[in-house]
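What follows is one structure encoded as structure tokens, with my remarks underneath.
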Amino acid sequence: MSYENSRVSDVANILHARASSLVNKAEILKAVELKGLLAELPTLPVEQRASFGKDINHLKQELQNIVNESADTQERLATIDVTAPFDVNVNGHRPELLPSTGGSIHPLMTEMDAILDIFYRMGFNAVESRQIDDDYHMFESLNFPEGHPARDDYDTFMTTDGLIAPAHTSTMQNRVLKKYKENLEKNEPIAVVIPGRVFRNEDLDATHEHTFYQLEGVYVDKGVNAGHLIATLKTFLEEYYQQQLKVKTQPFYFPFTEPSFEFAISRPESLRKGTGTEDDDWLELLGCGMVHPNVLRMAGIDPEIYTGFAWGVGIDRLVLMKYGIEDIRHFESAKLDFLRQFA
Ligand code: FA5
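Heads up: the sequence shown runs through residues -13 to 329, numbered per my numbering.
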């Protein structure tokens, strides 16, 4: 409601702004400006008092509503066990989310949606990764022998009882291969992408974060070869960056693919913003390869009949390059002036 008296309207603006920054909202009811308005009332000409008094009452009611809403929110938060799975809170009902007015979608999530959309159009399904996993999915199912030094490349955080914050989305390979292997019996391929948040014990710099996003891809069928892998990734990257790209693969080692490659693009001028590089330079974007026969076997798929490819791409790095962002650490920094540029 608008106020009839500009004096009350001015005080209302001041008190609303102050209330939004107060932790204890009830303090706003004791504001000196409110007391000032009440003291002014008897000094006004009689004919103005009714409207002035009505405005003060309205303002008091608005402030009281803010206090009540805050108390409700506090009470709701107190009933949420933040350590429990989402659906066991509040007597088995999902808690209401807090209001998101003024918020916006994080740029990495907007880009992830755009990326998933490209893969949906290419015929892939999406399965979300998890943020806590176990030794079997992190290492064993991916053909990392016990005590193998390759495990050191995926140094991440672990609870004392062995639960692991996954260092890559490849932890999901065994699960999706098992889940979709019946496709193969129906003469359909397994074509899945897996977005997820991953964690690493990392020396941080402008292109290395401890927490970042990856998109895994797995494709299995009869007669699949590395040419299909390269064509799929090139098509995806050209669609994402909306331009033709030169790509190359170079040999690499992952225990879960054989052969394994690093996949690089020759970065055109438009994707070199903020990097300080002038010439056409090759940039490694992702790890990939042909799914190792042992990985297929562990999911119950016969590698004599079926072959497949897999890849894992860092989403943060794709987005860095798209927008010429100079430091990957902006994404997790919660800096509002950075985030508002994408709102
Ligand atoms: C892997 O994580 C493999 N799981 C990829 C893979 C999947 C290979 C399936 C074969 C088959 P790598 O550690 O290279 O590989 O990471 C893959 C991508 O994640 C990198 O190319 C990069 O884009 C991104 N990435 C890796 N470490 C970081 C980091 N610290 N910060 C940001 N992005 C990172």
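All residues carry an ideal CB built from backbone N, CA and C; glycine is no exception. Treat the numbers as computed from the prediction; the structure is a model and nothing was measured.
Near the ligand FA5: residue i beta-carbon under 7 Å from a heavy atom
i	result
Ile314	yes
Gly275	yes
Gly286	no
Phe110	no
Trp268	no
Ser156	yes
Val(-3)	no
Asp302	yes
Gln229	no
Leu163	no
Gly298	yes
Gln327	no
His278	no
Leu149	no
Glu195	yes
Leu272	yes
Ser115	no
Phe242	yes
Arg253	no
Ser246	yes
Phe105	no
Residue span of the beta strand (DSSP E) that contains residue i, given as start and end
i	result
Val179	Ile176 to Phe185
Ser246	Thr243 to Arg253
Lys234	Lys232 to Phe240
Tyr122	Unbroken run through Tyr122 is the alpha helix (DSSP H), Asp121 to Met124; no beta strand (DSSP E).
Cβ-Cβ distance between residue i and residue j below 8 Å
i	j	result
Leu162	Val204	The residue you asked about is not Leu; residue 162 is Val in the sequence shown. Contact flag set, yes.
Phe317	Cys274	no
Pro181	Tyr199	yes
Ile311	Met98	no
Ile314	His194	yes
Ile104	Tyr226	yes
Met276	Thr243	yes
Phe143	Arg137	no
Ile0	Val53	no
Phe249	Pro93	no
Val299	Leu272	yes
Tyr(-11)	Ala(-2)	yes
Gln117	Ala296	no
Asn111	Val178	yes
Leu49	Phe38	no
Lys220	Trp268	no
Leu23	Val(-6)	yes
heavy atom of the ligand GTP below 7 Å from residue i C-beta
i	result
Phe324	Because the ligand GTP does not appear in the structure shown, any question about it cannot be addressed here, the ligands present being the ligand FA5.
Supposed contact pair residue j and residue i - C-beta distance, whole angstroms, cut 8 Å
i	j	result
Asp207	Gly148	Rounded, the Cβ-Cβ distance is 35 Å, inconsistent with contact.
Thr157	His123	4 Å
Thr145	Val184	The pair is not a contact, with the Cβ atoms about 16 Å apart (cut-off 8 Å).
Ile287	Leu128	Not confirmed; about 15 Å, so no contact.
Host alpha helix (DSSP H) of residue i (start-end)
i	result
Pro31	Careful: Pro31 lies outside any alpha helix (DSSP H) and carries neither H nor E.
Gln159	Gln159 to Glu171
Tyr213	The amino acid occupying residue 213 in the given sequence is Gly; Tyr does not appear at that position. From DSSP, the alpha helix (DSSP H) with Gly213 extends over Ala212 to Tyr227.
Glu97	Pro93 to Arg107
Tyr140	No alpha helix (DSSP H) contains Tyr140, which DSSP labels as neither H nor E.
Leu201	That residue, Leu201, is in no alpha helix (DSSP H); its beta strand (DSSP E) goes Thr197 to Asp207.
Phe295	Per DSSP, Phe295 belongs to no alpha helix (DSSP H); it is in the beta strand (DSSP E), Thr293 to Gly300.
Gly380	An answer regarding residue 380 cannot be provided, because it is not within the stretch -13 to 329 covered by the chain.
Val281	Pro279 to Met284
Asp323	Leu322 to Leu325
Ala151	Here Ala151 belongs to no alpha helix (DSSP H), and DSSP marks it neither H nor E.
Asp189	Segment: none, Asp189 is in no alpha helix (DSSP H) and carries neither H nor E.
Asp(-4)	Ser(-8) to Ser7
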